[in-house]
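Enquirer: Numbering (this note's numbering), first residue to last: 972 to 1261.
Beta carbons are placed, not taken as given, at the ideal position from N, Cα and C, and that holds for glycine.
One structure, as structure tokens, below. Some questions next.
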DNA sequence: AGGATAGCCTGCGGGC
DNA sequence: TGCCCGCAGGCTATCC
């Protein structure tokens, strides 16, 4: 499932393919994967324009788990992969995989190729905007700072005053953008913090440990091409290489790699959560602390 | 207010 | 072998 590292890996790889390329036309299959209220017009030709038909790709951007393709004339296509979404580059003649919802025909120099948005479960989607400002005001503005580049001061500010647990706070994209179930569990284990520890109760040194874990793990995962559970594969179909390094995720009932304790599991914030009850103690805030 | 719950959706794996 | 059911999870809407 694509979290921040998978999306960043995709962004870099895809950018090498499509930066500077011309988008000739677009074919939208399922209309309900698209929200184009951020672009003017109501006709089909307006919709295709919103989907970047007849444009040239300037750059690719990312915030949290979302990616944006920006054209030279300022149009924006925001892609959110959700649970099962992926982007694929293929020859136009190549058979389309099941659940291919949108295809763009591109040309770079003499080379013609197709970019495809595929998403079986359709938790992902496409959003269009007629300017970067509208992307920021209408969509990305609601997100917290990007988790890959957060620092302890910012982390502290984001968690300050929150009574909710760390797990549910870190999963909340409005608090910090980019973390999903896997990396939250991994980061909490590495920083030895309990998933239910109230987010606002952390001491400075714990904030620093947490930040270092979050940023460190994300960059490690980016370097290795993302995590793999079931369905994740990059543009060329290579699975991510990070899954073997999960220390707690998917290891409920197995031994903690640090202390040998059997790893605990429970539903926390409505997500399957795995942690070590010995290494990650729930610390009740004492009355005389502040 | 904010926490819990349901719903969206398909693929897959365990159990029978 | 084959079928059925439960689970996986990001995000939103709704309820309490």
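With a CB to CB cut of under 6 Å and the five nearest residues on each side skipped, what residues in its chain are close to residue 1202?
Expert: Residue confidence for residue 1202 is low, a pLDDT of 40 falling below 50, so the modelled location carries little weight; the figure read from the coordinates is stated next. Cβ within range, chain order: 1055.
Enquirer: Applying the criterion that 16 or more other CB atoms from any shown protein chain within 10 Å of the CB defines a buried residue, is residue 1036 buried or exposed?
Expert: Classification of residue 1036: buried, given that the 10 Å Cβ count is 16 or more.
Enquirer: Beta-carbon within less than 6 Å of residue 1071's beta-carbon, same chain only, minus the 5 sequence neighbours each way: which residues are those?
Expert: Counting only Cβ-Cβ distances below 6 Å, and skipping sequence neighbours, we find 1087 and 1089.
Enquirer: What did DSSP end up calling residue 1084 once you bin it into helix, strand or coil?
Expert: Three-state DSSP puts residue 1084 in a strand.
Enquirer: Quickly, what does DSSP pair residue 1076 with across the bridge? List them, please.
Expert: DSSP, once it has assigned bridges, lists 996 and 1085 as partnering residue 1076.
Enquirer: Let's see if you can read the secondary structure: which residues bound the alpha helix (DSSP H) around residue 1175?
Expert: Here the alpha helix (DSSP H) through residue 1175 covers 1175-1194.
Enquirer: I believe residue 1022 touches residue 1052 by the beta-carbon criterion, under 8 Å. Please report the beta-carbon distance rounded to the nearest angstrom.
Expert: At roughly 17 Å, the Cβ-Cβ gap does not stay under 8 Å, so residue 1022 and residue 1052 are not in contact.
Enquirer: Alpha carbon to alpha carbon, what distance is there between residue 1231 and residue 985?
Expert: Going from the Cα of residue 985 to the Cα of residue 1231 covers about 42 Å.
Enquirer: Can we say the stretch 1177-1191 touches the stretch 1126-1140, given the rule of at least three CB pairs closer than 8 Å?
Expert: Touching, yes, given that three or more Cβ pairs across the two stretches are closer than 8 Å.
Enquirer: Please report how far the alpha carbon of residue 1242 lies from the alpha carbon of residue 1191, in whole angstroms.
Expert: Going by the C-alpha atoms only, they are around 24 Å apart.
Enquirer: Going straight from the alpha carbon of residue 1095 to that of residue 1004, what length do you get?
Expert: Rounded to whole angstroms, residue 1095 to residue 1004 spans 7 Å at the Cα level.
Enquirer: Can you find the residues in the same chain that come closer than 7 Å, C-beta to C-beta, to residue 1252, ignoring five residues on each side of it along the sequence?
Expert: Correct list, in chain order: 1165.
Enquirer: Under a three-way DSSP split, which group does residue 1258 fall into?
Expert: Caution applies to residue 1258, whose pLDDT of 43 falls short of 50 and renders its modelled position unreliable; the value that the coordinates give is listed next. Reduced to three states, the DSSP call for residue 1258 is coil.
Enquirer: For residue 1059, list the residues DSSP reports as bridge partners.
Expert: Beta-bridge pairing links residue 1059 to 1087.
Enquirer: Helix, strand or coil for residue 984? Go by DSSP, reduced to three states.
Expert: In the structure shown, residue 984 sits in a helix (DSSP, three-state: H, G or I).
Enquirer: Please work out which residues of its chain come closer than 6 Å, Cβ to Cβ, to residue 1010, disregarding the five sequence neighbours upstream and downstream, and give them in chain order.
Expert: If we look at residue 1010 and ignore the five residues flanking it on each side, its Cβ neighbours are 1021, 1099 and 1101.
Enquirer: Report the rounded CA-to-CA distance for residue 1026 versus residue 1116, giving the unit in angstroms.
Expert: Looking at the two C-alpha atoms, the distance is approximately 30 Å.
Enquirer: Quick one: what's residue 1244 bridged to in DSSP?
Expert: Residue 1244 pairs with 1237.
Enquirer: Is the CB-CB distance between residue 1106 and residue 1039 below 8 Å?
Expert: Taking 8 Å as the Cβ cut-off, residue 1106 and residue 1039 qualify as a contacting pair.
Enquirer: Specify the secondary structure class of residue 1153 as computed by DSSP and reduced to three states.
Expert: It is helical.
Enquirer: Just to confirm, is the Cβ distance from residue 1136 to residue 1240 under 8 Å?
Expert: Cβ atoms of residue 1136 and residue 1240: closer than 8 Å.
Enquirer: Below 8 Å CB to CB, which residues in the same chain sit around residue 1134 once its five sequence neighbours on both sides are set aside?
Expert: Closer than 8 Å at Cβ, skipping near neighbours: 1169, 1170 and 1171.
Enquirer: Count the other CB atoms, across all protein chains shown, that sit within 10 Å of the CB of residue 1238; report buried if there are 16 or more and exposed otherwise.
Expert: Answer is exposed; the Cβ neighbour count stays below 16.
Enquirer: Let me make sure I understand the geometry here. Which of 1018, 1110, 1228 and 1186 has the alpha-carbon closest to that of residue 1002?
Expert: Closest by alpha carbon: 1018.
Enquirer: Between the C-alpha atoms of residue 1142 and residue 1081, what's the straight-line distance to the nearest angstrom?
Expert: So the alpha carbons of these two residues sit roughly 44 Å apart.
Enquirer: Just confirm the distance between the C-beta atoms of residue 1146 and residue 1075, as a whole number of angstroms; I'd bet it's less than 8 Å.
Expert: Wrong, their Cβ atoms sit about 33 Å apart, outside the cutoff.
Enquirer: What separation, rounded to the nearest whole angstrom, lies between the Cα atoms of residue 1122 and residue 1245?
Expert: Cα to Cα, residue 1122 sits roughly 25 Å from residue 1245.
Enquirer: Label residue 1113 either buried or exposed according to how many other C-beta atoms from any shown protein chain fall within 10 Å of its C-beta, with 16 as the threshold for buried.
Expert: Residue 1113 is exposed by the Cβ-count criterion.
Enquirer: So, under 8 Å CB-CB, residue 975 and residue 1058 are touching, yes? Tell me the CB distance rounded to an integer number of Å.
Expert: Contact doesn't hold; Cβ gap of about 16 Å is too wide.
Enquirer: For the alpha helix (DSSP H) containing residue 1019, list its first residue and its last residue.
Expert: Taken as a continuous stretch (DSSP letters only), the alpha helix (DSSP H) holding residue 1019 covers 1015-1021.
Enquirer: Once you ignore the five residues that flank residue 1193 on each side, which residues in its own chain have a CB closer than 7 Å to its CB?
Expert: Closer than 7 Å at Cβ, skipping near neighbours: 976, 979 and 980.
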